[in-house]
Structures are given as structure tokens and as C-alpha cells.
Amino acid sequence: MSTQKKIRIGVVGTGGIARDHMKHYVTFDDVEIVGACDIAPGKARAFLDKYDLPNVPAFNSVAELIKNVEMDGASVCTYNTTHAECAVALLEAGIHVLCEKPMSFTLQGAVDMVRASRKSGKFLTIGFQPRYSFMRRKVDAIIESGALGKIYYVQSGGGRRRGIPFGTFVDKEKAGYGCLGDIGCYAIDECLHAIRYPKPLTVSAIATNHFGTNPKYYLGADKFDVDDFSVALVRLEGDVTFVFKDSWAMHADTLGDTLWLGTEGAIKLTSGKKEHNMPSRVMYFTDINGQHIDSVVWPNIPMDGYLCDVELERPIDMWFGKMRGFVDAVISNGPAPVPGEEILFNQAICDGIYRSSKLKKEVEIDIPAI
Ligand SMILES: NC(=O)c1ccc[n+]([C@@H]2O[C@H](COP(=O)([O-])OP(=O)(O)OC[C@H]3O[C@@H](n4cnc5c(N)ncnc54)[C@H](O)[C@@H]3O)[C@@H](O)[C@H]2O)c1
């Protein structure tokens, strides 16, 4: 970590997740918070004051922040439907961006973000902190070794038995999606990053909301109009099948385990069977001379512990990994730890799931040229 120069960071949107970004920024010696903005009047000022930063300026829009403050990088912590406009404005102004997940709520928004990044030469990284989890890194390393042979099938697992949130997460105008934008995009990233994100070709999907709309299960049922469950069959380039499922609420403990099936072996991330259903261990399966071999990958550190193994000499939480990864990338002027270009395919799948569900048929995924 360089301590020569402080990098100047701005925060756009000062709600819930911005507090988590700040929790880490304020502990970094090489970071200076230089400004913040929020469209809710007074919110950015109150936010900065909470961190004892009375001299750091606060604004009511990203445009004012950009106009008045010199920044090297910025966190976009607004709700989903304003990610694209804020990220594009920052990138066009020559500022590196860490944008919260999901990347956007439309494929076009995500395309605009990647185009702005390419044009300005500034990087765009997406806030998928599970990339830094210990178990994810184990899975990625085994797959990277080639031990599974040709991977032909991937399946997401987990899901919540009861876990429909409140606030902007269920407000369609602000979130764009429901469960898909909250936890579904993580599951897509988990499954596809491990196999280097093959291009999605077609999607056949159904998204429903039987629980969120039922007052028996959800207090805000009268206004609920986003998805709380979805399932999809996605064809990926290279003859890979991806079966996706996610749930904010259901009458079961899990939608199953996460699986990568290959011609020489398989990996299973077992479902944690808890209310929020984080994976609990990595298993590897193969066959030696006709003998079925089932192994647990050690050390077994459940994701619930949020430990990660980023070549730092101590276990740290994955949110720290995300924030430190961003700051280090700003210092080195890239590359992006979780590149927008890669997450474009994640966004294309989310987009395809909504389109297919609405049209009640399989849809093609057509990603505009960048
Ligand atoms: N990585 C994670 O673990 C994680 C956890 C929670 C939320 N998130 C993501 O973070 C984002 C924000 O979620 P939240 O829970 O903090 O929401 P929130 O509603 O608490 O905060 C969002 C803030 O952004 C502000 N805002 C909206 N549009 C703006 C704009 N154009 N310019 C400036 N400010 C604007 C809102 O006024 C609000 O204060 C969402 O995209 C969500 O998916 C990520």
C-alpha cells in the first residue's frame, strides 16, 4: 500500500451502504474524503458531520460535486435506478468509479457506463464484495486449475426463506428490480465469474412475487410490485447451461446448492440453510479409476464469517477487501478489481430475466457494441 500521496475520494448518495464505504475510507491513511452529495436536501451534510468532517463540502447533486471538487475516485452509493447517470457523469469528468451493485437496472444503462469508462480511460468497478470471500477464492482457484475438465452446467443455490427487505430495495422506481437486484445479481456473479463469464445468448425465465404481495407474509404488501423469486434457464457461449434461482421468501430452507459440473469433476458450494442462506462449505467430486471421490476443501471457512484471503497476511472481512481493492486500483490507475465490462453480462442476464418473464417466452440477449 502506497502512503506517498492521499487520493481524493467523493461519495455520491449518502444512505445505508455509503456508511459502510465510509467506515473503511476513514481508516485508510492514504485516503482523503473531499466531498459528498445526495439529492435529499441536507443529507450529505449530516453524513459528513457524522464523520467529523465539517469542512468537507456537501452538495445536492453529482453535477455540483464534480464542478466544485477535484476527485481521483468516487463511490456511487445511490439507489439502482440512478447508478448509470451518476457513474457516467463521474467517468466523463475523469474520475475512477466504484459503483454499488447491481450495475444498473437496464442493459442500456450498463452499456452507457462501460462506454463512458472506455472513452475517459478511467475504470469502473462494481461493488461485489463476495469476490473477496475465502470460499469464492477456493472455488475460483480449483476451476482455474482445469481439474473439472470442460464445465457444461452451472447452477445457483441458496435463497432466503424469509428475507424481504424494506425501503428503497422494494421501491420499483428506485430499485428497478426486487430480489434480482438485491441478491440475484450476486448469485450470477458467483456462478459466472468462476468460469470467466461466458457470453449469455438466450434466457427463459419466470419472476414472481407471491410473498411480497401477501399481507400474511409482508407488511408492505399493498405497494409491493417487484420480484421476490425468479428462476431462469440461460444458454451461455461455449455450450454451457446456467440454471439460476433466487428467492427473498419461500416455504423451504433452500433452493439448493451451487454447482459447477465438468467432464472431469464437479464443485458444490453447499447451502448454509440459514435464514439468509450463505454457503457453508466447498466440496470437490471426481472419479479415479472408477472410484467416486468426494472431498471437502480445507480450510473450511464459511462465508457467514466474511473472511477473505486477499494476499494480505491476516484474515479480513470482504467489505474491507472491496474498499481497499478500489483504493489500491485508484492509486495504480487501474485495472478495475471487478470490471464493468465483465458485469455487463451479469446485467444482460438480469435484463433478459425480466424481459423473458414479461413476454412469457425465451428471449435472445443482444448486447450493443461498446
Ligand atoms: N454491496 C452491498 O452489500 C450492498 C448493501 C446494501 C445496498 N447496496 C446497494 O447500494 C445502493 C444503495 O442502497 P442503500 O441501501 O444505501 O439505499 P439508500 O436509499 O439508503 O441510499 C441511497 C441514497 O442515494 C441518494 N440518491 C439517489 N439518487 C441520487 C443521485 N442521483 N444523486 C445523489 N444522491 C442520490 C438517495 O437520496 C439516498 O440517500 C443500492 O444500489 C444497493 O443495491 C449494496
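With my numbering, letter number 174 in the sequence shown gets 169, and the count goes up by one each step, no holes. Idealized CB from N, CA, C, for every residue including glycine. Small disclaimer: the values here were computed from a predicted structure and weren't measured.
query, result
"Proximity below 8 Å, CB of ALA82 to CB of LEU143", "no"
"3-residue-minimum beta strand (DSSP E) runs that sit fully inside the region 57 to 144, ordered along the chain", "68 to 71, 91 to 94 and 119 to 121"
"Cβ pair LEU60, VAL7 closer than 8 Å", "yes"
"Within the region 234 to 275, ranges of the beta strand (DSSP E) (whole runs, at least 3 residues)", "235 to 242, 253 to 257 and 260 to 266"
"Residue range of the alpha helix (DSSP H) that includes ILE348", "335 to 354"
"Coil, strand or helix - THR22 by DSSP", "coil"
"Coil, strand or helix - PHE224 by DSSP", "strand"
"Terminal residues of the alpha helix (DSSP H) in which ALA41 lies", "38 to 45"
"Three-state secondary structure (DSSP) of ALA364", "coil"
"Spatial distance of GLY251 from PRO330 (CA atoms)", "35 Å"
"Whether ALA227 touches PHE239 by CB criterion (8 Å)", "yes"
"Among GLN103, ARG156 and TRP293, nearest to ALA244 - alpha-carbon criterion", "ARG156"
"MET108 versus THR73: straight-line alpha-carbon distance, rounded", "15 Å"
"Nearest neighbour of ALA35, chosen from ASN55, VAL21 and LEU48 [CA to CA]", "ASN55"
"Cβ distance (whole Å) where VAL64 is taken to contact VAL29 below 8 Å", "5 Å"
"Beta bridge counterpart(s) of TYR279 as assigned by DSSP", "ILE262 and SER290"
"Rounded separation between VAL277 and ALA53 - CA only", "45 Å"
"Segment limits, beta strand (DSSP E) that includes VAL7", "2 to 7"
"Spatial distance of GLU139 from GLU259 (CA atoms)", "13 Å"
"Reduced DSSP category for ILE201 - H, G, I as helix; E, B as strand; rest coil", "strand"
"Same chain only: Cβ atoms within 7 Å of PHE23, ignoring 5 sequence neighbours per side", "VAL322"
"Bridge partner(s) assigned by DSSP for GLU27", "ARG3"
"Status (buried if at least 16 other CB within 10 Å, exposed otherwise) for GLU306", "Residue confidence for GLU306 is low, a pLDDT of 47 falling below 50, so the modelled location carries little weight; the figure read from the coordinates is stated next. Exposed is the call here."
"Per-residue DSSP class, three states only, for ALA368", "Only positions -4 to 365 of the chain appear in the structure, and residue 368 is not among them; the question remains open."
"For TYR147, the first and last residue of its enclosing beta strand (DSSP E)", "146 to 150"
"DSSP three-state assignment for GLU232, whether helix, strand or coil", "coil"
"Contact check, LYS263 vs TYR127, beta carbons under 8 Å", "no"
"Identity of the residue in ALA41, LYS45, ALA189 and LYS356 nearest ILE201 by Cα", "LYS356"
"Counterpart residues of VAL358 in DSSP-defined beta bridges", "VAL198"
"LEU85 burial status per 10 Å Cβ neighbour count (16 or more: buried)", "buried"
"4-residue-minimum alpha helix (DSSP H) runs that sit fully inside the region 148 to 192, ordered along the chain", "167 to 170 and 180 to 188"
"Cβ-heavy atom distance, GLY152 to ligand 1, below 7 Å", "no"
"GLY68 beta carbon less than 8 Å from that of ILE4", "yes"
"Pick from SER225, LEU187, VAL291 and GLY122 that is closest to ASP255, judged by C-alpha positions", "The amino acid occupying residue 255 in the given sequence is Trp; Asp does not appear at that position. If we check each option's Cα against that of TRP255, LEU187 comes out closest."
"Coil, strand or helix - LEU307 by DSSP", "Here the model assigns LEU307 a pLDDT of 44, short of 50, so the residue's position is not dependable, and the following value carries that caveat. Here LEU307 sits in coil by DSSP."
"Residues of its chain near PHE123, where Cβ-Cβ distance is below 6 Å and the 5 sequence neighbours each way are ignored", "LYS96, ASP184 and VAL333"
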